[in-house]
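Following: one structure in C-alpha cells, then a few remarks.
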Amino acid sequence: MKYEFDRIEKKWRDRWAAEKTYAVKTGGSGKKFYALVEFPYPSGHGLHVGHARPYTAMDVVVRKHRMQGENVLFPIGWDAFGLPTENYAIANKIHPVKVTEENVKVFKNQLQMLGYSFDWDREVNTTDPGYMKWTQWIFLKLYEHGLAYKAKMPVNWCTSCKCVLANEEVVDNACERCGSPVVRKEKSQWMLKITEYAQRLLDDLEDLDFIERVKIQQRNWIGRSTGANVDFATTAGETLQVYTTRPDTLFGATYMVIAPEHEYVKKWADGLQNFKEVQAYCEQAGRKSDFERTEMVKEKTGVELKGVRAINPVTGNEIPVFISDYVLSTYGTGAIMAVPGHDARDWEFAKKFGLPIIEVVAGGNVEEAAFTDVETGKMVNSGFLNGLEVAEAKKKIVEWLVAKKLGEAKVNYKLRDWVFSRQRYWGEPIPMVHCPKCGYVPLPEDQLPLSLPEVESYEPTDNGESPIAAIRSWVETTCPHCGGPAERETDTMPQWAGSSWYFLRYMDPHNNEALASKEALDYWSPVDWYNGGMEHTTLHLLYSRFWHKFLYDIGVAPTKEPYQKRTSHGMILGEGGEKMSKSRGNVVNPTDIIQQYGADTMRMYIMFIGDFEKAAPWSSNAVKGCKRFLDRVWNLSESVEPGEKYSPSNEKAIHKTIKKVTEDIEAMKFNTAIAALMALVNDFTANGANKADMQALLLLLSPFAPHIVEEIWEWLDFSGMACVHAWPTWDDGMLTEDVVQMAVQINGKFRGTVSVPADSGEEVALAAAKGLDKVARQLEGMQIVKTILVKNKLLNLLIRPA
RNA sequence: GCCGGAGUGGCGGAACUGGCAGACGCCCGGGACUUAAAAUCCCGUGGGAGUAUAUCCCGUACCGGUUCGAGCCCGGUCUCCGGCACCA
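The opening residue of the first sequence carries number 2 in the working numbering; numbering runs sequentially from there.
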C-alpha cells in the first residue's frame, strides 16, 4: 500500500476535531501544563513558515506532555487589531471586521492542516466585543490606580502610518512596522506608567526560567543605573540639579550642560547676554528629528549660556553652563555636570570648546582621552577623596552630599512610560470621556465594551486625529460624572493591549462576569512554558509582564509573573540564507509543502532544519529527506513480525532512543531527537522489527508526525490512539553495552580501537591494546611510562625508548 | 562604542562533564532493479600521500598556552550575526 499522506491526514484531522481529542478541562486529571505560543496576527498573506517553526515545536512538546499524563492547555487565538488589516480595509473598501473574519478563516484552516493539537474550544479574538470589554476594563483599572495618565510630550510620529509609536516600536529612527521615518511631534497622549514597575520587572526576572538572552535584553532595556542627584548653586539664583553615576568625580566637574528643552533656558532668558544665539540653537535642536540628532554623534554642538555660572559645590569654583543636544531632556534631570577627564562625551565637548580637563582619577592620560575605568584608579586632585578607590570615593562623596543637603543617592532607568494612544481606527477605543467641567472621566464599567463606531473612511488624518473623531454622533456624549455634555476620547489602544493579557483569557474564554474565573486563574496560572520571537522581548513580553503584575497587585491574577519559562526560536531564512521576503521572492508557503509532501513531512523538516534557537536557511532538498524517512517508516510497518516484547536485536537501541528523544524534546533539541529516530529506523531496516519495536517507534514519532503514526497504529491494531497513549519509558540497565569499543592512544595519538568487556580494568585493556598490530609495533623497544585509562572510553599509553 | 551569540566537510548541522571530530540528513559518485526514466534499495563520500589493500600525514577561523589528551579550558587576534546606542 502506498503512503497516501493527503487521505490519511484528512482522516485524522477530522477524527481529532469530531472527537475533541485535545479539549481540556480546568481541574482535569494529571498535573496541569500550560503551554503557550504567540497568537498570530491574521494578516492577509496567510501562514508563514515563520509561524510553523515555533508552533510545531510547542505542539511536539505538548503532545509529549499529554502522553506523559499531564493535563495540557494548548490554546490559540487571534491578535486581530492592527494596522495591516486597517490599511487593507482602506485600500479595498472593506470593513476591517470583514477582513479579519476572512483572514482568520484562512489562518485557522492552515493551522488545522498542520495538525496542531490546539483546544479549539478556547479560541479567542482580541477584536471580539466580549474580549475587548476586558481589555478596556483593565485600562479603567489602570486609570483608577493612577497608572494611566494623559500628558503632552514629544512623541514618535510615523510619517506614513500617521500615528504615534511607542519607544519600543521605533527601530533606527524608523517605524518598526513600515520602515518610514519617524519624527518628533508634540502631542497629548495617554501614557501607562510602566516605569513604576521598573524595579520589579528587573528583580523578578531572577526567579524565572527565561533563556539568558531574553533576560539580558530586558535588563538592558530597563537600563537601571545607580548614582546621585547633585545640586549646583547658580549665579542666577536657581539651583541646578544634575544626575550622575560618577559623583566621585565631582572635583573634576569643570562645566555643566543642560538640554535645550530644559525649563531654565526660558527661566534665565532675560539674564542671558546671548539669548538670540541660545534661542536659535534650541529651535534648531527642536526641529531636528531624533534621527538627525543622533546622526550628529561625531560632532558635538552647543552654546554657552553667557550670564549664568554654576558653582561646583566641592571646589567652590564658578563654572560655565552650556546647552547642548547631547544631553537628553528625558533622562535624569535633563542636566549634567561635565567631567571631561572621565567621560568620553564630555571630553570631546571640552576639547571642541577649549574647556579645562582635570584628572581626578589616576591611571590614564586625560590629555589623550577620557579615563573611564572605575576598577583600577585612585582619586587625585579631589580634596578629601584623595587616595580612595573609586567605589569608596562614591560612597564618601554621597555621604558628604547628604550631610550638606546638596544631594542624595539616586537610581535611574532608561525605561520610559508607555505611549498608549494611537490615532487609528482599528483598535480598542480608550474608554474615557472628556468633560469640560470634570476633565477626563472614566466610562462606567457597565457601559463596556465601548465599541467602535461605523465610519465611512478609515483613512488616518494629517492633523493627527483618529478617523473616529469625525463621527460626531459617537464622540458627543454626556459626562458620566456631572451629566453635562462631553466628548469621548477618540484615540485607540495600540496593538499591544489585547496581547498583554490574552493568556489569562484562554483559561476561561467564555466568561462574561470576569476576564476569567478565579478558579480557572488559580488552576492554570502561571503559563508553564511560553515560546515566542526575540523581537517581542522588549515589547509584548515586557508589556504583558507589566500588566500582569498590575493585575496581581489588584488581586485579579494569582501569580506575580505571567510566564514561568520563556524560550525563543531562530528565524527561518530563504534558500540562499537571506531573510525571507516577498520582494526577494523566496517566501516558502507551508501550504505548498503540505500539498506536495504532507503535513507530517512539513512538521518533521521544520523541526529537523537545525538548532531551534538559531536561524536556519530553508532547503527544499532536505525536505525530501524527511519525506523519505516517513516513507521508510511506512514501508517498515508493512513488514513487521509479531512480537509482544522488544526483539533482542533492537532492544538496546530502543531504550537508548526513548531516553534520547524524551530528553531532547524537553531541551528543544528537536533536530537530534529526529536524528535518533532516523538512526533507529535504520536499525529496524537492517535488523527487521517486530510489533513491539514498531510500537515504541510510533509513540516516539507521534509528537512529530501525528497523522502517519495514527494510521499505522490503527493498521497494526493497537488500541485507542497513539496520541493519547502513555509515553514509553526506558530502563537505565538497558543503556550499557556488554562489550565496548575503546580507543587506544599512544602518547596522546589515536592508534586504533579494541573491543573489551564493559568496565574492563587497566590490565584487560592493556592486554587487548597490545593485541593490536599497530600498537605492538610502536611498543617495540619502548617502555610504558604511564597509562591513562578512561573506563569504557579510552586507553592512553605514554611511552619512551627503553 | 557597549552588551550578547557564533565561527566545525560541498551544504544544514552532531559531539555527554576535556577522551575515537564530522552523528543524522542533503548534495555528489558508483552499483542493483527497469526496455527506459522516476521511485526504491545497496555501497562510497573531510583533505592529502600511497598501489583501490596496508600504512602514514594534515584537519574544528587565526596565533600562543594549560593538559597524558583541547572543537570544548585560559590569553590574544580576526570575521560574522543579533541587541542597545550621546542614558551622564
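Just so it is clear, CB atoms sit at the ideal spot from N, CA and C, and this is done for glycine as well.
What does DSSP give as the partner residue(s) for residue i in the beta ladder?
i, result
"N318", "For N318, which the question treats as bridged, DSSP gives no partner whatsoever."
"S35", "Note that residue 35 corresponds to Tyr in the displayed sequence, not to Ser. Paired residue(s): L74."
"H343", "Its beta-bridge partners do not exist; DSSP assigns none."
"V171", "C176"
"E390", "K379"
"G365", "A363"
"Q190", "A152"
"E305", "F323"
"I785", "I800"
Using the Cα positions of residue i and residue j, report the straight-line distance between them to the nearest angstrom.
i, j, result
"A394", "W419", "36 angstroms"
"S621", "E576", "8 angstroms"
"G228", "Y414", "11 angstroms"
"F233", "A311", "6 angstroms"
"G272", "Y132", "58 angstroms"
"I77", "V367", "59 angstroms"
"K561", "W525", "14 angstroms"
"P437", "L166", "28 angstroms"
"R778", "A770", "11 angstroms"
"V73", "T27", "10 angstroms"
"F211", "A36", "14 angstroms"
"F613", "H570", "6 angstroms"
"P321", "K216", "42 angstroms"
"V156", "S474", "29 angstroms"
"I431", "S30", "41 angstroms"
"I747", "L799", "6 angstroms"
"L386", "E664", "57 angstroms"
"I195", "Q111", "37 angstroms"
"A410", "Q200", "16 angstroms"
"R801", "T788", "12 angstroms"
"T377", "A392", "10 angstroms"
"T316", "N174", "41 angstroms"
"Y564", "D529", "6 angstroms"
"M297", "G388", "Residue confidence is low: M297 scores 49 on pLDDT, short of 50, so the model does not pin down where it sits. No coordinate-derived value is stated."
"D7", "G599", "6 angstroms"
"Y89", "L115", "27 angstroms"
By alpha-carbon positions, which one of the options ends up nearest to residue i?
i, options, result
"L717", "P55, W635 and Y265", "W635"
"T493", "G533, T22, L449 and M433", "M433"
"F504", "A53, W135 and E20", "W135"
"W121", "A18, M380 and N174", "A18"
"K670", "D374, P55, A24 and R8", "P55"
"M735", "Y647, E400, K405 and G317", "Y647"
"A336", "L681, G571, V231 and M722", "V231"
"L522", "Y531, G534, G533 and D509", "D509"
"I555", "E145, G586 and R247", "E145"
"V304", "W13, S383 and A281", "A281"
"I785", "T754, G749 and S756", "G749"
"S189", "P182, E177 and C164", "C164"
"P729", "K775, H656 and T160", "H656"
"V765", "R220, S458, F34 and V741", "V741"
"A616", "P643, V641, M581 and G644", "M581"
"R178", "Q218, A471, T22 and P495", "P495"
Since I believe residue j is in contact with residue i (beta carbons under 8 angstroms), could you give me their beta-carbon distance rounded to a whole number of angstroms?
i, j, result
"A759", "N793", "6 angstroms"
"R489", "T479", "With 8 angstroms as the limit, R489 and T479 do not qualify as a contact, their Cβ atoms being about 10 angstroms apart."
"V361", "M338", "Actually they do not touch by this definition, with Cβ atoms about 12 angstroms apart."
"E170", "G533", "Between G533 and E170 the Cβ distance is about 17 angstroms, and since that is not below 8 angstroms, they are no contact."
"V412", "R225", "6 angstroms"
"D326", "P261", "6 angstroms"
"P527", "G578", "Not a contact, Cβ separation roughly 38 angstroms."
"A706", "M605", "6 angstroms"
Would you say the beta carbon of residue i is closer than 7 angstroms to some non-hydrogen atom of the ligand MG?
i, result
"Q200", "By its list of ligands, the structure shown contains no ligand whatsoever, and the ligand MG lies outside what it can speak to."
Given 8 angstroms, three or more beta-carbon pairs between the region 659 to 678 and the region 79 to 98
no
Validate contact between the region 542 to 552 and the region 591 to 602 using beta carbons, cut 8 angstroms, 3 pairs
no
Between the region 135 to 147 and the region 444 to 457, do three or more beta carbon pairs fall short of 8 angstroms?
-> yes
Quiz item: Does the region 348 to 357 come close enough to the region 266 to 285 to have 3 or more Cβ pairs within less than 8 angstroms?
Solution: no
Exercise. Can at least three beta-carbon pairs, one atom from the region 399 to 409 and one from the region 56 to 75, be found at a separation below 8 angstroms?
Worked result: no
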